[in-house]
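There are 2 protein chains.
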Amino acid sequence: MELAELNAALDDPLLESMNFLNEVAIRFPDSVSLAAGRPVDDHFDPAELEGYLSRFRRYLSADLGYDQRRVAQTLFQYGRTKGIIHDLIARHLRVDEGVRADPEAIVVTVGAQEALHLLLRALRAEPRDVALAVAPTYVGFTGAARLMDLPVLPVASGTSGVDLADLRARLLQARADGLRPRCLYVVPDFANPTGISLDLPTRYRLLEAAREERLLLIEDNPYGAFTGQDGRLPTLRSLDTGAQVAYVGSFAKTVLPGARVGYVVADQRVRGRGHGYFADELGKIKSMVTVNTSPLSQAIVAGHLLAHDFSVIRANAAVATRYRRNMSLMLAGLERRFPAGGDVTWNVPSGGFFIVLSVPFRADDGLLEHSAREHKVLWTPMSHFYGRTGGETQLRLSCSSLTPEDIETGLDRLAALVAEQRSRAAQAPR
Amino acid sequence: MELAELNAALDDPLLESMNFLNEVAIRFPDSVSLAAGRPVDDHFDPAELEGYLSRFRRYLSADLGYDQRRVAQTLFQYGRTKGIIHDLIARHLRVDEGVRADPEAIVVTVGAQEALHLLLRALRAEPRDVALAVAPTYVGFTGAARLMDLPVLPVASGTSGVDLADLRARLLQARADGLRPRCLYVVPDFANPTGISLDLPTRYRLLEAAREERLLLIEDNPYGAFTGQDGRLPTLRSLDTGAQVAYVGSFAKTVLPGARVGYVVADQRVRGRGHGYFADELGKIKSMVTVNTSPLSQAIVAGHLLAHDFSVIRANAAVATRYRRNMSLMLAGLERRFPAGGDVTWNVPSGGFFIVLSVPFRADDGLLEHSAREHKVLWTPMSHFYGRTGGETQLRLSCSSLTPEDIETGLDRLAALVAEQRSRAAQAPR
Numbered sequence: 001m002e003l004a005e006l007n008a009a010l011d012d013p014l015l016e017s018m019n020f021l022n023e024v025a026i027r028f029p030d031s032v033s034l035a036a037g038r039p040v041d042d043h044f045d046p047a048e049l050e051g052y053l054s055r056f057r058r059y060l061s062a063d064l065g066y067d068q069r070r071v072a073q074t075l076f077q078y079g080r081t082k083g084i085i086h087d088l089i090a091r092h093l094r095v096d097e098g099v100r101a102d103p104e105a106i107v108v109t110v111g112a113q114e115a116l117h118l119l120l121r122a123l124r125a126e127p128r129d130v131a132l133a134v135a136p137t138y139v140g141f142t143g144a145a146r147l148m149d150l151p152v153l154p155v156a157s158g159t160s161g162v163d164l165a166d167l168r169a170r171l172l173q174a175r176a177d178g179l180r181p182r183c184l185y186v187v188p189d190f191a192n193p194t195g196i197s198l199d200l201p202t203r204y205r206l207l208e209a210a211r212e213e214r215l216l217l218i219e220d221n222p223y224g225a226f227t228g229q230d231g232r233l234p235t236l237r238s239l240d241t242g243a244q245v246a247y248v249g250s251f252a253k254t255v256l257p258g259a260r261v262g263y264v265v266a267d268q269r270v271r272g273r274g275h276g277y278f279a280d281e282l283g284k285i286k287s288m289v290t291v292n293t294s295p296l297s298q299a300i301v302a303g304h305l306l307a308h309d310f311s312v313i314r315a316n317a318a319v320a321t322r323y324r325r326n327m328s329l330m331l332a333g334l335e336r337r338f339p340a341g342g343d344v345t346w347n348v349p350s351g352g353f354f355i356v357l358s359v360p361f362r363a364d365d366g367l368l369e370h371s372a373r374e375h376k377v378l379w380t381p382m383s384h385f386y387g388r389t390g391g392e393t394q395l396r397l398s399c400s401s402l403t404p405e406d407i408e409t410g411l412d413r414l415a416a417l418v419a420e421q422r423s424r425a426a427q428a429p430r
Numbered sequence: 001m002e003l004a005e006l007n008a009a010l011d012d013p014l015l016e017s018m019n020f021l022n023e024v025a026i027r028f029p030d031s032v033s034l035a036a037g038r039p040v041d042d043h044f045d046p047a048e049l050e051g052y053l054s055r056f057r058r059y060l061s062a063d064l065g066y067d068q069r070r071v072a073q074t075l076f077q078y079g080r081t082k083g084i085i086h087d088l089i090a091r092h093l094r095v096d097e098g099v100r101a102d103p104e105a106i107v108v109t110v111g112a113q114e115a116l117h118l119l120l121r122a123l124r125a126e127p128r129d130v131a132l133a134v135a136p137t138y139v140g141f142t143g144a145a146r147l148m149d150l151p152v153l154p155v156a157s158g159t160s161g162v163d164l165a166d167l168r169a170r171l172l173q174a175r176a177d178g179l180r181p182r183c184l185y186v187v188p189d190f191a192n193p194t195g196i197s198l199d200l201p202t203r204y205r206l207l208e209a210a211r212e213e214r215l216l217l218i219e220d221n222p223y224g225a226f227t228g229q230d231g232r233l234p235t236l237r238s239l240d241t242g243a244q245v246a247y248v249g250s251f252a253k254t255v256l257p258g259a260r261v262g263y264v265v266a267d268q269r270v271r272g273r274g275h276g277y278f279a280d281e282l283g284k285i286k287s288m289v290t291v292n293t294s295p296l297s298q299a300i301v302a303g304h305l306l307a308h309d310f311s312v313i314r315a316n317a318a319v320a321t322r323y324r325r326n327m328s329l330m331l332a333g334l335e336r337r338f339p340a341g342g343d344v345t346w347n348v349p350s351g352g353f354f355i356v357l358s359v360p361f362r363a364d365d366g367l368l369e370h371s372a373r374e375h376k377v378l379w380t381p382m383s384h385f386y387g388r389t390g391g392e393t394q395l396r397l398s399c400s401s402l403t404p405e406d407i408e409t410g411l412d413r414l415a416a417l418v419a420e421q422r423s424r425a426a427q428a429p430r
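These protein sequence lines map, in sequence, to chains A and B.
Counted the way the UniProt record's numbering counts, the first sequence spans residues 1 to 430.
Counted the way the UniProt record's numbering counts, the second sequence spans residues 1 to 430.
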C-alpha cells in the first residue's frame, strides 16, 4: 500500500495534531502536563455510573411509562439515529442557557467532534465552498474540514474574540475570488486555544453581520459552564432570532469525557425538503458515519441531567471553583517567574482552561519532546492551531486538571526550560 | 437554507435508507417485524453491565497493575485514539478466528459503520477512484461511499456469494474506463441482505484474484458467529497470507448493540510512512470523526470478552441455537404457506439472520407502509440494497429476534398481504 495512493489529507500535518495532542500525555506519564485540556477527574466515581443508569431507567419506566422490556431495548438495542435523550437535552438548554429548542432539531453525537464532522459534511457541496474560522482555531475543526477538502479561511480574533472588520473583508475577498463561504466557526466562551471570550456587544454585532452576510455561525461551547468571576454571558444561540446559529454542545467537560456524548442544535429550515430541520439532514449523514450514539453513553448523561435538575452548571459549581482557583494560581505563578516587561508574556482569560504564553524562541513539537524528556513538563505548541504559519513562538498552557502543587512544579520546570532556551539563544552564532 | 446548496448526497435516496430501516419499527410498534436485523435482546440484563464493568476494572488493576486513579482515568477520560481494548480483541481473534493480529493494527470504532467510513475515507483519493461491492449490498457501505463521492460498482453474487468471472470483468472494464478500483466489499458469512455464504474454494479463489489484481478486500463479518448446522468456515482474513484483507468486526450482534463497538484489523504496511500500519492512517482519520470510541462502551465489551475466555462464539452458543431454530421455523412456515412451484420463492441460507423472498408484485417502501398499517407486518424492500435498479419484487425477511409465535403470526400476515396483492394484480386493467 502506497501513502501516495491514499487520501491526500493523510499527508497533512493537521491530521497528526489530534493524535499527537491526545497521546503525548500517555507517552510521558511522569511529566506534569500543562498540555491537556481535560476536565478534573479525581471526583469521578465508578459507583455513580450505576446511579445515573438506574436514574434514567426510572425515568423511562415511571415518567414515560415504558415496560421493562422496552426499557431494556432502549438501553441495549439500536435506536433512533438522532438520539434518545433529545427531550432531556432540550430541557437542559432551557434551564442553563435560556434557549428554547425543539427536541426534534437536536442530534445527539459521539462527542462534539462528530457534530462538527456532520455539519461540515452537510455544508460542503462544491469545490468553491470554504469555511471561515476565528484563528487560531481548534484542530478538530480544521482537521475535519481538511478531510472534506474544505479550505478554512482564518478570521482574526483581535482582542474582542472576533475581528468583525476582518470578517467582512475576508467574506468580500472570498466572494470576489469565486468562493462560496459556508460558515464561520467560533468558540465565544473561553476559546480553545486562546481563552478569549466575546463580549456582549461583539456577540450582537456578530449575529448582525451573520444575518446581513447570510452566513451560518457554528457556535462551539465546550467551556461555557466554567466562567470566571465576571459571570456568564448569553450564548449566540440564545441571542439568535434569525436561525443563524448551529449550536454545538458537549458533555465531555461537564459530565464525563469517557461517555463521548455531544450534540448539535440545528433548527434551520431546509427549503426543498418540506421545510424540515437541518438536523434531519445531519441525522441522515450520521446514519452513515456511526448509525447512532451509544444509548448507554446517552443514558449516563441523561441520568446526570435528571439527578441535577437539568443544570450542568449547578452540578459543576464546585469544579468550576477549582478551575477558577487553578487559573488564578497559574497567572500568579507566571507573574512570579516572569517579570513584567520581560521577554515572556501571556494573556489573562476570565475563565475556561487555557492561557497563551509568548516566548523568545521557537516552541515546536521538537522542543516539546525535549521539554518532556529533559524537564518533565508538557505544553502545547500553538502552531497546531494555525494553518501553515503562525504561533511558532507561543505555547498553550492548561491548568484545568492539576493540583496546586502540580501547577507550581509545572511552572518551575517550564521556567527552567525557558532559561535553558534563552541561554542557548545567547550562545548561538549570529 | 436551500437543499440545493447542501451536499448532493443528501438528495440521494440511499441516505434515507438507513434511517428508514432503523426507524420503521419505532413508527409501527404494534407490527410484527420481519424487517429488523437485530439480535435477540430478551436475555440482556442491566445487572450484567455492572458485572462486565467491574470485570474490566479488575483486569486493569490485577493484570495490568494500574492504581485506582489510573483505572478511573482509563474508564472516564479521553484516551488512545485507536482504542483501549485492542489487546483483548487480538486475543479474541486468536481464540475465535485463529487469526494472529498485532494489537497495534486494530482500530476500535463506533460500530462497524465507523470502520467502513474510515476505510472508505482513507481509500478515496482521486475522482477516478471507485469501490466494488458484491450486490445486493449492505446500505451502510454504499451510503458511506456516496457521502465520499466514491462510486460503487456492483459485482454479481451468483450462487457462490461472489461471481469471480464477473469480478474480473468489472475490474477490466473499470480500468479500461480510466477508473481506479480501490477495494471490494464482501460479507463472506451470511451476507446482508442475501444470507448467502462463500464456500471454501470460493474464499481461496477470491483471495487469489485479489492478490493478482492488487485489490484490497474489505471483509465485513457481523454474522459469522451464527452458523447453521454445517459449522463455520474460516474467514478470508484467516486464510490471507498477502495482507489483502481489511477485516471489519462488530460486537453489536454478539455482545450488545447499544455499546456501539466495532473494530477494523488493518495490518497492511504503508510505504511512504516508514512501513507503518494502515491502521495508523485510519486512526488519524478517526481523530477527526469521533476522537475516540467511548471507553465505557469498550469496557463493557472487554468485560464480556474476559468473562467468556475471549470467545464470543461460545458465549453466544445458546443464542445461535435460537437463531437456527428461528431460521428453520421461518423456512418451514414459508413452505406451508407458499406451495412449491408457485409465484413466491425464496433462498435457503445455512445460517445468519436473512432470507430473500421473491414475489409477483412490486415490494417498495409504499407497499411496506401499507403492509404496516393494514396488515401489521414489517419487512424490508430489497431495492434498498441495490443501486438505481434491482430487487423491485423482492423482500428481505429477518427472523433473528422473534419468538416462534411471532414468526407464525408474521408469516400469516405476510401471506394475507401476498394474497391481497395477487388479487389486486388480477383485477388491474391490462
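Don't be surprised by glycine CBs; every beta carbon is placed ideally from N, CA and C.
By the three-class DSSP mapping on this structure, what secondary structure does residue i have?
i, result
"A/Phe338", "coil"
"A/Thr142", "helix"
"A/Leu216", "strand"
"B/Ala47", "helix"
"A/Gly390", "coil"
"A/Phe354", "strand"
"B/Pro201", "helix"
"residue 434 of chain B", "Coverage of chain B is limited to positions 1 through 430, which leaves residue 434 of chain B absent and any answer about it impossible."
"B/Val32", "strand"
"A/Thr345", "strand"
"B/Arg128", "coil"
"A/Arg324", "helix"
"A/Leu395", "strand"
"B/Gly333", "helix"
"B/Arg170", "helix"
"B/Met18", "helix"
Quick check on the burial criterion: 16 or more other C-beta atoms within 10 angstroms. Buried or exposed for residue i?
i, result
"A/Ile85", "buried"
"A/His43", "exposed"
"B/Val348", "exposed"
"A/Arg203", "buried"
"A/His275", "exposed"
"B/Ala209", "buried"
"B/Arg260", "buried"
"B/Leu357", "buried"
"B/Asp129", "buried"
"A/Asp30", "exposed"
"A/Ala252", "buried"
"B/Asp149", "exposed"
"B/Arg57", "buried"
Looking at the strands, I want to know which residues DSSP matches up with residue i.
i, result
"A/Ala135", "A/Ala156"
"B/Glu2", "A/Arg271"
"A/Trp379", "The partner list for A/Trp379 (beta bridge, DSSP) is empty, contrary to what the question assumes."
"B/Tyr185", "B/Ala133, B/Ile218"
"A/Arg314", "According to DSSP, which records beta bridges pairwise, A/Arg314 is partnered with nothing at all."
"A/Arg180", "A/Asp129"
- [ ] Pair every Cβ in the region 406-420 of chain A with every Cβ in the region 376-388 of chain A, then say whether three or more of these pairs are closer than 8 Å.
- [x] yes
- [ ] Take every Cβ of the region 173-181 of chain A, pair it with every Cβ of the region 419-429 of chain A, and state whether three or more of those distances are shorter than 8 Å.
- [x] no
- [ ] Check whether the region 89-105 of chain A touches the region 118-138 of chain A, taking contact to mean three or more Cβ pairs, one atom from each stretch, closer than 8 Å.
- [x] no
Task: Inter-stretch contact at 8 Å, needing at least 3 Cβ pairs: the region 139-146 of chain B / the region 280-300 of chain B - done: no
TODO: Output the residue ranges of the beta strand (DSSP E) runs that lie fully inside the region 53-123 of chain A and measure 3 residues or longer, sorted by chain position.
DONE: 106-109
Task: beta strand (DSSP E) runs contained entirely in the region 218-303 of chain B, provided each spans 3 or more residues - done: 245-250, 262-265
- [ ] Let me know the alpha helix (DSSP H) ranges lying completely inside the region 397-429 of chain A, each 4 residues or longer, listed in chain order.
- [x] 404-427
TODO: Spell out a yes or no on whether the region 211-221 of chain A and the region 184-196 of chain A are touching, meaning 3 or more CB-CB pairs, one atom from each, closer than 8 Å.
DONE: yes
Open item on the list: If contact is defined by three or more beta carbon pairs under 8 Å, each pair taking one atom from either stretch, is the region 286-296 of chain B in contact with the region 354-372 of chain B?
Closed with: no
Open item on the list: Pairs of beta-carbons, one from the region 385-403 of chain B and one from the region 15-34 of chain B, closer than 8 Å: are there three or more?
Closed with: yes
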